[in-house]
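To start, the structure under review is shown below, and the notes come after it.
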Amino acid sequence: MDSVFQRIYENHHQDLFQFLFYMVNNRETAEDLVQEVYIRVYKSFEQFQGKSSEKTWLYSIARNTAIDHFRKQKSWKQRLLENFDWGKNEIKDEQPLPEELLMEKEELRFVYESLKHCTVDQKTVIILRYIQDLSIIETAAVLGWTESKVKTTQHRALKSLKKMINEDTEKGGVRIEKI
Amino acid sequence: MKKYKMSELEIQEALKQFPKITDSRGKEEIFRKVSRTSIKRKGKNRWMPAAASLAAIILFSILTSSFIFSDQSANEKGSSRQEQASDVRQSDTSGGSGKKAAEDPDTQVPNKNLGNTDEKEDEAEEEKPVEEDKTDDHSETVPDKKENIVLKAATLSSSLVLPADSEEHSYITLAVPDSQLQYIIPITYETEKADKQELLDVLLDKMKTINEEELGLMDYYPLNLGISMGKEEGSINIDFTDKSELNNLYEFGLLMALENTFRYQGYNKITFSTAGKPGIELPDTGPITERVLEQTPKRAFLIYQAEESKPKFLVPNITASSNTVAEAIKEMQNFEPVNSASPSIPADIKIEKVTNENGRLTISLSKDTPFKDDESSLLAIEAILLTAKDFGLTAVLFENAGLSAIGPYDLTKELEIPLAPNRIQ
Numbered sequence: 001m002d003s004v005f006q007r008i009y010e011n012h013h014q015d016l017f018q019f020l021f022y023m024v025n026n027r028e029t030a031e032d033l034v035q036e037v038y039i040r041v042y043k044s045f046e047q048f049q050g051k052s053s054e055k056t057w058l059y060s061i062a063r064n065t066a067i068d069h070f071r072k073q074k075s076w077k078q079r080l081l082e083n084f085d086w087g088k089n090e091i092k093d094e095q096p097l098p099e100e101l102l103m104e105k106e107e108l109r110f111v112y113e114s115l116k117h118c119t120v121d122q123k124t125v126i127i128l129r130y131i132q133d134l135s136i137i138e139t140a141a142v143l144g145w146t147e148s149k150v151k152t153t154q155h156r157a158l159k160s161l162k163k164m165i166n167e168d169t170e171k172g173g174v175r176i177e178k179i
Numbered sequence: 001m002k003k004y005k006m007s008e009l010e011i012q013e014a015l016k017q018f019p020k021i022t023d024s025r026g027k028e029e030i031f032r033k034v035s036r037t038s039i040k041r042k043g044k045n046r047w048m049p050a051a052a053s054l055a056a057i058i059l060f061s062i063l064t065s066s067f068i069f070s071d072q073s074a075n076e077k078g079s080s081r082q083e084q085a086s087d088v089r090q091s092d093t094s095g096g097s098g099k100k101a102a103e104d105p106d107t108q109v110p111n112k113n114l115g116n117t118d119e120k121e122d123e124a125e126e127e128k129p130v131e132e133d134k135t136d137d138h139s140e141t142v143p144d145k146k147e148n149i150v151l152k153a154a155t156l157s158s159s160l161v162l163p164a165d166s167e168e169h170s171y172i173t174l175a176v177p178d179s180q181l182q183y184i185i186p187i188t189y190e191t192e193k194a195d196k197q198e199l200l201d202v203l204l205d206k207m208k209t210i211n212e213e214e215l216g217l218m219d220y221y222p223l224n225l226g227i228s229m230g231k232e233e234g235s236i237n238i239d240f241t242d243k244s245e246l247n248n249l250y251e252f253g254l255l256m257a258l259e260n261t262f263r264y265q266g267y268n269k270i271t272f273s274t275a276g277k278p279g280i281e282l283p284d285t286g287p288i289t290e291r292v293l294e295q296t297p298k299r300a301f302l303i304y305q306a307e308e309s310k311p312k313f314l315v316p317n318i319t320a321s322s323n324t325v326a327e328a329i330k331e332m333q334n335f336e337p338v339n340s341a342s343p344s345i346p347a348d349i350k351i352e353k354v355t356n357e358n359g360r361l362t363i364s365l366s367k368d369t370p371f372k373d374d375e376s377s378l379l380a381i382e383a384i385l386l387t388a389k390d391f392g393l394t395a396v397l398f399e400n401a402g403l404s405a406i407g408p409y410d411l412t413k414e415l416e417i418p419l420a421p422n423r424i425q
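If you're matching them up, the sequences are chains A and B in order. Going by UniProt numbering, the first residue of the first sequence is number 1, and it counts up by one from there. Going by UniProt numbering, the first residue of the second sequence is number 1, and it counts up by one from there.
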């Protein structure tokens, strides 16, 4: 087995998988995307040269992979749904709750569902900061942003999560689909 | 239904408690799948260039078939080819050295206009048979050819800023990193004639307004730095008003972007300061007060295109510098495509000799593999010109070019070294 693969697998695989899972909310898609990350790593590894940390470099590739996935998804969805007056929430809410979250507290499930409705940038920052436990500096390095941009996005994301959770529960709860 | 009033703090706590999600597949299974996908893609890619070339040949045959049939003898074909080439040059000269062509709204983004060429050629071809039906006289068809050639010259335009262009306009160049921070792409904008301070203001303004993502590049600018003319002649000062700003940018990427931006602006030194005091402590480099801008960084220029829908750019290979210009030319042809970058000299062009005498670079092509009047040859020539500039050379001459002119370049003469690459409107 390839030594680059071996090392990345040992050190980063589960983190990258978890990041992708929370980005796309689907296990199968996360499995495909994490494989795509390895392929992209192979293509550009020679040029990596350790100029940034390997961890943040890998996350930035994973993030780009997820964004490309959203783009592709968006294009077919747009084609399909353009002429229908369907609510955006319904389009986004198609993934059932993962089994890991079924046994968790209801608050967690609300936050999970609300996170799906954040913008891709807000979602990325929240996942990197709170779920993957990256520092502001590391998150900025992954996204190629300034530290202040990360802070602003994080602040806006939390604000919009709070608004969504509180509004939705007042209306009768965040929609949670079980398998 | 239970109601929740969660505070931001509670949301943060909830996020931290999200369950660990693990990939339950084994290491071997994943490795097998990755290898299989890579192999499949390689196989697929091998056929792509061949299929594209075949499509191009078929298209070219259809477009030119009427010319070929109308030409009676091989000699006539040869002379008409010469005629075409010189007409390209003439039409360009009359159009202001190809600059007019670049100003054509259809060619706002350079090197991405072959689609337009085809469309226009199609239109020209559609009109042609009607006229041919009227008469069999060959002399009647010549003006049509010229028309077609003029169209071609108008669309096959240069993306470089040539010395003659600077007579009427000034230019600013902003170096933008790609999304992986592996390449720095110098993008040039035309502006009204202005002095150095005014140009710096235009550049700083461009940093605020540039839409990098539209070009397929990283959303990088503006930088939260104080940028002003330095105390010494030819120097630019970068002030880190907020030192923590350093942590937000990859040091290597930042230095590369600054160096490549200000080198093209004609500066020869960058000085650094922290909140007005000279010097800065960089995480990797350590303390630094200034950085001299190497005027001849000796790099090979490659083609960069983020994706098919984005424009093509000529970019220096910043990760490797060559010892000699001959080595750089070799690299431009043999470069292994990676991360959206690809060789700038087509593999089918055989370069027999590269000589460098008194600042003039002479590239001798094999007689069997001359340049073609197409985008890839134009890009190859422009990449060679930029590489020659990077080596501090003053002129480039092509031997056995096969064409007397392409785009704005008269290939029968020495070509001047350009001022800047990747001009966009």
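Beta carbons are placed, not taken as given, at the ideal position from N, Cα and C, and that holds for glycine.
For residue i and chain B, any beta-carbon pair shorter than 8 Å?
i: A:H12; result: no
i: A:L58; result: no
i: A:N25; result: no
i: A:K116; result: no
i: A:V111; result: yes
i: A:F21; result: yes
i: A:F5; result: yes
i: A:S160; result: no
i: A:I165; result: yes
i: A:A62; result: no
i: A:T146; result: yes
i: A:I131; result: yes
i: A:E100; result: yes
i: A:I8; result: no
i: A:E104; result: yes
i: A:R79; result: Residue placement at A:R79 is flagged as unreliable, the pLDDT there being 46, under the threshold of 50; the coordinate-derived value follows with that caveat. Output row for A:R79: interface = no.
Under 8 Å, Cβ to Cβ, is there at least one residue of chain A near residue i?
i: B:E245; result: Low confidence applies here, because B:E245 scores a pLDDT of 47, under 50, leaving its location unreliable; read the following figure in that light. Yes, B:E245 counts as interfacial toward chain A.
i: B:M6; result: yes
i: B:M332; result: no
i: B:Y171; result: no
i: B:G43; result: Confidence at B:G43 is low in this model, with a pLDDT of 44, below 50, so the placement of that residue should be treated as unreliable; the coordinate-derived value is given next. By this cut-off, B:G43 is not an interface position.
i: B:V34; result: yes
i: B:N224; result: yes
i: B:K27; result: yes
i: B:Y220; result: yes
Which residues in chain B have a C-beta closer than 7 Å to the C-beta of residue i? List them in chain order.
i: A:S44; result: Q180, Q182, V338, N339
i: A:I126; result: L15
i: A:L134; result: Those within 7 Å of A:L134 in chain B number zero; the least Cβ separation is about 13 Å.
i: A:L97; result: Correct list: empty, because the minimum Cβ distance to chain B is about 11 Å.
Whose Cβ in chain A lies nearer than 7 Å to the Cβ of residue i?
i: B:T37; result: Q35, I39
i: B:N358; result: None at all; the shortest Cβ gap to chain A is about 36 Å.
Might you give, ordered along the chain, the residues of its own chain that have their beta carbon closer than 8 Å to the beta carbon of residue i, omitting 5 neighbours on each side?
i: residue 180 of chain A; result: With chain A represented from 1 up to 179, any question about residue 180 of chain A goes unanswered, as that position is not in the structure.
i: B:Q305; result: G216, P311, K312, F313, S340, S342
i: B:A420; result: L160, V161, Y171, T173, P186, T188, Y264
How far does the beta strand (DSSP E) with residue i in it reach, from first residue to last?
i: B:D239; result: 235-240
i: A:T103; result: Reading off the sequence, residue 103 of chain A comes out as Met, not Thr. A:M103 -> no beta strand (DSSP E), and no H or E assigned at all.
i: A:M23; result: Here A:M23 belongs to no beta strand (DSSP E); instead the alpha helix (DSSP H) covers 3-24.
i: B:I345; result: Taken as a continuous stretch (DSSP letters only), B:I345 belongs to no beta strand (DSSP E), as it is neither H nor E.
i: B:I185; result: 184-192
i: B:L365; result: 360-365
i: B:I172; result: 169-177
i: B:I227; result: 226-229
Strictly below 8 Å CB to CB, what residues from chain A border residue i?
i: B:D23; result: H13, Q14, F17, A30, E31, V34
i: B:K208; result: Simply none; closest approach about 14 Å.
i: B:F31; result: M1, D2, F5, Y9
Take residue i and list the residues in its own chain whose beta-carbon comes closer than 6 Å to its own, dropping the five residues that flank it on each side.
i: B:P346; result: S376
i: A:T56; result: E138, A141, V142
Just to confirm my understanding: we take residue i, look at its own chain, exclude 5 residues before and 5 after, and list those with CB closer than 7 Å. What are they?
i: B:P222; result: M207, K208
i: B:K20; result: none
i: A:H12; result: K55, L58
What residue range does the alpha helix (DSSP H) around residue i cover?
i: B:L199; result: 196-209
i: A:V125; result: 120-126
i: A:I137; result: 136-143
Report the neighbours of residue i on chain B: residues whose CB is nearer than 8 Å to its CB, in chain order.
i: A:E107; result: Y4, M6, E10, A14
Which bits of chain A does residue i rub up against, with CB to CB less than 9 Å?
i: B:K20; result: Q14, Q18, E100
- [ ] Can you check the stretch 248-326 of chain B for any alpha helix (DSSP H) of at least 4 residues that lies completely inside it and give the ranges in chain order?
- [x] As far as the stretch 248-326 of chain B is concerned, its whole alpha helix (DSSP H) runs of at least 4 residues are 251-264.
TODO: Kindly provide the ranges of any beta strand (DSSP E) runs that are 3 or more residues long and lie completely inside the stretch 383-407 of chain B, ordered along the chain.
DONE: 395-399
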